[in-house]
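In the working numbering, the protein residues as written are 76 to 216. Glycine included, each C-beta is placed from N, C-alpha and C at the ideal position. The next block holds one structure in the form of structure tokens; read it before the comments.
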């Protein structure tokens, strides 16, 4: 979903980036890797100047997730994709803080993602972390 070809996909991408910024700020600040990832997502996309200003403003002063998701219409798959993206931005610095985890869960509830689906995504994320850690053990890093 990180490539937006239709207007709806563009709106979803815009909202997901804004929610990623919320997660990035959950532990008190956005790290360099998180900010760089946001810039990568914004570059080359067909956002208007106003949309880019909103995103850059959010980097300094994130809006509430409630205001971002209000009135959005999403399929269950789109919601789960956003949830996955929220975990990805939180883990870009290779750690998931309790504050980031709480913010992700709060956003998942705002998106009306059923608890069972939230749990499945969390398990999938933690399995991925285990796989990555195991690889680092294998190669000695």
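**Range covered by the alpha helix (DSSP H) that runs through residue 133** = In this chain, the alpha helix (DSSP H) harbouring residue 133 covers 124-135.
(Q) Taking the beta carbon of residue 160 as the centre, do at least 16 other beta carbons fall within 10 Å, making it buried, or is it exposed? (A) Under a 10 Å Cβ-count criterion, residue 160 is classified as buried, with 16 or more other Cβ atoms of the shown protein chains found around its own Cβ.
How many Å lie between residue 117 and residue 99 at the Cα?
In a straight line, the C-alpha of residue 117 is about 15 Å away from that of residue 99.
Secondary structure of residue 201, DSSP reduced to three states:
Residue state for residue 201 is assigned as helix, using DSSP reduced to three classes.
Practice task
Give the straight-line distance between the Cα atoms of residue 208 and residue 158, rounded to the nearest whole angstrom.
Solution key: 22 Å
Given 8 Å, three or more beta-carbon pairs between the stretch 134-146 and the stretch 180-199 | Under the Cβ criterion (8 Å, minimum of three pairs), the stretch 134-146 counts as touching the stretch 180-199.
On the three-state DSSP scale, how would you describe residue 100? helix
With distances taken between CB atoms, is the gap from residue 90 to residue 174 smaller than 8 Å? no
Exercise for the section: Measure the CB-CB distance between residue 105 and residue 134 and report whether it falls below 8 Å. Expected result: yes
Discussion item. Would residue 109 and residue 167 qualify as a contact pair, given that the criterion is a beta-carbon distance under 8 Å?
Written reply: yes
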